[in-house]
Amino acid sequence: MTGLDELDRGPARPGTGRATADPVKALLHRHRELCERAVDPLEIAAGLEAHGVTDRTAARFKHRDVFSLAEELYARIPRDDGAPRPSAATTGPGPRAGWVVLTLLPGVLGLASTAALRLTHGQNRVYAVALGVLAIALAMRAALRRGSPLGTTASPPTTGTAVWTCWLIGYALLGDGLLHTAITGGPDGPPTRGPGGSGSPDGDWTLVVAPVLALTLAFAPGAWSTRLFAVRARRKVAASRGLEDFADFVRPLLFGSLALFLCALGALFTLCATVLGEPFTHHEVLALGALLFLARLLTLHGFTHAPKVVLAAAALAQAAALATVFAARLPGCGALAVPVETLVAAWNPGGVATLVCGAAALTLLIHAARTLTRASAHARPEAPSQGDPA
Amino acid sequence: MLTEGGYPYVSGDAGLWCDRLVRGLGHHEFDVYAFSRSEVQEDGGWVPLPPQVGRVRTAPLWTTEDDGVVYGRRARRRFAEHYGELAAVLCTPDPGPVSVPGPASDSAVPGAGPGAEGTTPAPAEADRFTGALYGLAELARDEGGLATALRSETAVRTLERACRAPRVLPAAREARVSDLLAVAAHLHEALRPLSLDWYEEDGLGAVDLCHAASGGTAALPGLLAGHFFGVPLLVTEYGVRLRTHYLTRPDSSSAVRSLLAAFHGRLTAETYRRAAFLTPGNTHARRWQERCGADRAKVRTVHPGVDAAPFAEAGESPERADPRTLVWTGRVEPAKDLVSLLHAFAGIRAAEPGTRLRIIGGPAGPEGAAYLEHCRALAARLFPDGTGRPHAAGAGPVSFEELGGPGLTGPADAYAAGAVTVLSSVVEGFPTGLVEAMLAGRATVSTDAGAVVEVVGGTGLVVPPRDPQALAQACVSLLRDPERRARLGAAARARALELFTVEQNVASFHDLYLEIVARTPVHRVRLSDAGDPLPFAAPVEAHLPGHWAGLTPHRPRRTTPAWARTTQERGPSPARPAPSPARAVTHPVPDATPVPATEAAR
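Line order of the protein sequences matches chains E and S. My numbering puts the first residue of the first sequence at 944, with every later residue one more than the last. My numbering puts the first residue of the second sequence at 11, with every later residue one more than the last.
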């Protein structure tokens, strides 16, 4: 606010040189911008003083002090309060190349791990898979910590959410096979990778890679759609005139970005399952993807509590389903497994995960539709980034 | 003592002043309640505290910790009610003359000063504001969780409703969602003091006087202490906070600025209304305070003090000065207008060829560094030979030096080096450098900015700012007249010693403390263990000024009023109960307030 250069160019001595009829007019002209945007005379007074106008200066304008001079200026300036002002540019910085690479990294590592799983044998395969899992975990961690959609620095993920997310992903990898085996009487040994999935013999504990690979690949579209959501919502905050107006805009945006992510995930999963020759269990993958995406979206906007609770509930429900099947083998507890067995018989082993994740995702969606449509959710630039997305 | 972003942090603004005050009033007990402004400041640590500082409680303004309290239905309704009231007050046009845009003030009558009009908001309006403010404070005290609520959607919705109500400010009606969010965020920050746990019986409730080291946020706990416990408030403002608020937000929309201006304006008016005394640091601050509704009877200007000791040697030996040297000191920044000074010096060189100019001081920030470079280049252009070189001792007519170099260990050396000290600022607050020059007994030539005229009085020459010709003429006249120079220098030193020393500053506050405590003592009803009020627990003597334990060596000079001294000499009269047993009852919690209530000024 110290436009000193401006005064340097024109010396502020109206009383000394040419005696104009209206010395205030010259002053008004010089400080037009200040006077036009001032909300009250005190603001003009403060601005004038910052420009070096003192009471002695004001006396030359035949005013008692700066305040009365400012009042005259305030009264004389034509102000149009309804004038459209340029809306502040609140668009975040464009996506940085480093961020884009980071979001792609888990998918690339997932591809590499799957290839290693396919191509290696024996001891080497164990090492390769362990290395791959570790690399994916580290890449995700890095992407999540640096990958807040608006480029803000974020806090490290809470261990709670991360643990539950790991369980959910692990279940996608192993759970269905284990459940199927458990119901049919197994397991009799460590999991094996089903050669083509469908061709695995009964009693063998199969490993389903395609869903997890699709999820790692979908990390990038997930991150991009959260970014899209955050950026568009923030832009709308600057532009919209009312809170209802804003909520009406954000609600479809939320559903749209979720749909965008699910489309990408579905396509990627189709591709993975085709290439790997594994069964097309779209419903299960999409339910899990939606759950993780919504959890990430909510945590990014500062609502960390609900995702943590819902993820924990989903993981515990899955664990309970497995536990009931095993507990049913105890004498006298056979009735425990009835619900799960009925479900699996009616549908398939993926039904448990689909039901659990679907219900959890629906809960989070309802929660998100209520909280993320509030303007206050998009106010804080320092959104803590936690949890794992798809 | 309440501070914001200052004492006791090392990087505090007014830290030096507070430290001197606390150390100077060693016989008072201080509790420091401080707000820190940033993490950097908090990490910087505290200055060493003297023993009279009893306890220090701090709260960060830059972050909030949630207490995890989520309001139930009733608390939420209570919050929405008070917050809505607050928002409604902010959105309605100020009834005072301050912000009425209309034909009434359109006539541009030159003589109609603002002093004639009442600048205080109408009582009903002020009552609504304070009612809402204290309502929120009471809610925070009863339930907690105010910080969360102020950031919640409820707050934003309430604000929106207030802005869409009929008869609001035109600017408020234009508010967009982003504006609402900005206002809500700022209110959350500004109302942060409400949700602190300082307002307890053993916290601010136990003090006898709140001394806020600045207006605005720092004074808010003082207001609440006054509201809850009737503790009197003393507000010291060296720079008016309200004015700073106007200058800090140039890029916001008009809706945000008008709502926040309304908030700070009303908060300031309320502070000024409730304060027992206001002590502006200079006339400029005083004018702002009066403009914002301060009662003239309550305003006492207390000039900041400068430590006179380092300048004693320079001040006593004016003949040491080089009679052909001009000195400028300070932090180099554009507001100091060194360009005018250099142009003026060109004129001085034309009249008095042997003159030198020493510019002593480092740049302030990157802007200052760029400006310093600009000035060096200008100096090299104006005086082509031998300038711009650092430490060009005796060689060029203009030298740029920094304190700490050879022969310049402190500011006193800087002033001692020249016969005339020049100040060329365009914008100036309280010119500490000028006071130092006066203490050093140097004749001064300064520009008319800020509190310069008030400080200099008749002991130096004052010229209009941005007028190199006038500046040059004044300097030349002083350079050619050693006798006048000596006379002005001696007068300046006498004036500064009388008015602008640390001692006078401390003594003024000492007097004010005693006066406030004597006028508005905090009446506390002492309760016995059974909960019944004890009738004679707080004896009359407890409200009399004076120190029970006798004079302490720290007592400043010329301060003890005659009536206070006689009280001590006379001792308690036989008609009253003896003080010592009564005091034992008065202070059941010895660690909280171990001294008589009157003297424990915080």
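Glycine residues also receive a C-beta, built at the ideal position from the N, C-alpha and C atoms.
Residue of the options minimising C-alpha distance to residue i
{"i": "A181 of chain S", "options": "E:F1269, E:P966, E:A981, E:L1273", "result": "E:A981"}
{"i": "A1058 of chain E", "options": "E:L991, E:K1179, E:A1153, E:V1287", "result": "E:A1153"}
{"i": "H198 of chain S", "options": "S:H221, S:L270, S:E210", "result": "S:L270"}
{"i": "R490 of chain S", "options": "S:E377, S:R476, S:E362, S:A450", "result": "S:E362"}
{"i": "R1177 of chain E", "options": "E:K968, E:T1000, E:H1321", "result": "E:H1321"}
{"i": "G1118 of chain E", "options": "E:T1306, E:L1156, E:P1292", "result": "E:P1292"}
{"i": "P70 of chain S", "options": "S:A90, S:R84, S:Y43", "result": "S:Y43"}
{"i": "V1009 of chain E", "options": "E:R1019, E:L1241, E:F1212, E:G990", "result": "E:G990"}
{"i": "A1303 of chain E", "options": "E:L1286, E:L1265, E:A1260, E:P1049", "result": "E:A1260"}
{"i": "A453 of chain S", "options": "S:V250, S:L471, S:P441", "result": "S:L471"}
{"i": "A1266 of chain E", "options": "E:P1282, E:L1077, E:A1055, E:V1253", "result": "E:P1282"}
{"i": "F1246 of chain E", "options": "E:A1216, E:A1311, E:A1278", "result": "E:A1311"}
{"i": "G215 of chain S", "options": "S:G240, S:A194, S:L206", "result": "S:G240"}
{"i": "A200 of chain S", "options": "S:G226, S:A222, S:G275", "result": "S:G226"}
{"i": "S487 of chain S", "options": "S:S224, S:V455, S:A136", "result": "S:V455"}
{"i": "R267 of chain S", "options": "E:L971, E:A969, E:L970, E:D983", "result": "E:D983"}
{"i": "A322 of chain S", "options": "S:A98, S:A500, S:V50", "result": "S:A500"}
{"i": "D53 of chain S", "options": "S:T68, S:A90, S:E525", "result": "S:T68"}
{"i": "D137 of chain S", "options": "S:A150, S:R283, S:S409", "result": "S:R283"}
{"i": "P58 of chain S", "options": "S:S46, S:E49, S:C28", "result": "S:C28"}
{"i": "R366 of chain S", "options": "S:V337, S:A345, S:K346", "result": "S:V337"}
CB of residue i within 8 angstroms of CB of residue j, strictly
{"i": "G613 of chain S", "j": "T168 of chain S", "result": "Outside the modelled stretch of chain S, which goes from 11 to 612, sits residue 613 of chain S, for which no answer is possible."}
{"i": "L179 of chain S", "j": "Y209 of chain S", "result": "no"}
{"i": "H37 of chain S", "j": "A147 of chain S", "result": "no"}
{"i": "T469 of chain S", "j": "A496 of chain S", "result": "no"}
{"i": "L351 of chain S", "j": "S434 of chain S", "result": "yes"}
{"i": "A447 of chain S", "j": "T431 of chain S", "result": "yes"}
{"i": "L1196 of chain E", "j": "R1175 of chain E", "result": "yes"}
{"i": "L1186 of chain E", "j": "E170 of chain S", "result": "yes"}
{"i": "G291 of chain S", "j": "F440 of chain S", "result": "yes"}
{"i": "G1294 of chain E", "j": "L1286 of chain E", "result": "yes"}
{"i": "G6 of chain S", "j": "V516 of chain S", "result": "The shown model of chain S, from 11 to 612, leaves out residue 6 of chain S, and the question about it has no answer."}
{"i": "T1213 of chain E", "j": "F1204 of chain E", "result": "no"}
{"i": "L444 of chain S", "j": "V466 of chain S", "result": "yes"}
{"i": "P1049 of chain E", "j": "F1162 of chain E", "result": "yes"}
In DSSP terms, what residue i is bridged to
{"i": "E986 of chain E", "result": "According to DSSP, E986 of chain E bridges with nothing at all."}
{"i": "R1007 of chain E", "result": "Note: R1007 of chain E sits in no beta bridge, so no partner."}
{"i": "R366 of chain S", "result": "S:T335"}
{"i": "V408 of chain S", "result": "S:L367"}
{"i": "R65 of chain S", "result": "S:D41"}
{"i": "L244 of chain S", "result": "S:H221, S:F287"}
{"i": "S46 of chain S", "result": "S:P70"}
{"i": "P373 of chain S", "result": "S:V342"}
{"i": "G428 of chain S", "result": "S:D332"}
{"i": "T10 of chain S", "result": "With chain S covering 11 to 612 only, the question about residue 10 of chain S has no answer from this structure."}
{"i": "T511 of chain S", "result": "S:V316"}
Cβ separation of residue i and residue j, assumed to be a contact under 8 angstroms, to the nearest whole Å
{"i": "A988 of chain E", "j": "A1013 of chain E", "result": "4 angstroms"}
{"i": "D332 of chain S", "j": "A450 of chain S", "result": "At roughly 14 angstroms, the Cβ-Cβ gap does not stay under 8 angstroms, so D332 of chain S and A450 of chain S are not in contact."}
{"i": "R1194 of chain E", "j": "E163 of chain S", "result": "With 8 angstroms as the limit, R1194 of chain E and E163 of chain S do not qualify as a contact, their Cβ atoms being about 15 angstroms apart."}
{"i": "E411 of chain S", "j": "R368 of chain S", "result": "6 angstroms"}
{"i": "A279 of chain S", "j": "G303 of chain S", "result": "4 angstroms"}
{"i": "F139 of chain S", "j": "R276 of chain S", "result": "5 angstroms"}
{"i": "V462 of chain S", "j": "D218 of chain S", "result": "With 8 angstroms as the limit, V462 of chain S and D218 of chain S do not qualify as a contact, their Cβ atoms being about 37 angstroms apart."}
{"i": "A1125 of chain E", "j": "V1268 of chain E", "result": "5 angstroms"}
heavy atom of the ligand COA below 7 angstroms from residue i C-beta
{"i": "E170 of chain S", "result": "As far as ligands go, the structure on display features none, and thus does not contain the ligand COA."}
**Q.** 4-residue-minimum alpha helix (DSSP H) runs that sit fully inside the segment 430-498 of chain S, ordered along the chain
**A.** As far as the segment 430-498 of chain S is concerned, its whole alpha helix (DSSP H) runs of at least 4 residues are 442-449, 462-466, 478-489.
Q. Which ranges does the beta strand (DSSP E) cover as unbroken runs of at least 3 residues, wholly within the segment 1046-1084 of chain E, from first to last along the chain?
A. Segments of the beta strand (DSSP E) lying fully in the segment 1046-1084 of chain E: there are none.
Q.
Suppose only complete runs of 3+ residues qualify. What are the beta strand (DSSP E) ranges in the segment 278-345 of chain S, listed by chain order?
A. Counting whole runs of 3 or more residues, the segment 278-345 of chain S contains the beta strand (DSSP E) stretches 287-290, 332-339.
Q) Which ranges would you report for the beta strand (DSSP E) in the segment 1166-1196 of chain E if only whole runs of at least 3 residues count? A) Fully enclosed beta strand (DSSP E) runs of 3 or longer: not present.
Q: Could you tell me which uninterrupted beta strand (DSSP E) segments, each at least 3 residues in length, are contained entirely in the segment 151-227 of chain S, listed from first to last along the chain?
A: Runs of the beta strand (DSSP E) inside the segment 151-227 of chain S: 220-222.
**Q.** Near-chain C residues of the segment 458-483 of chain S - C-beta to any C-beta below 7 angstroms
**A.** Within the model displayed, chain C is absent; protein chains E and S are what it includes.
Q.
If we require 3 or more residues per run, which beta strand (DSSP E) segments fall completely within the segment 1218-1266 of chain E?
A. Look at the segment 1218-1266 of chain E and you find no whole run of beta strand (DSSP E) that is 3 residues long or longer.
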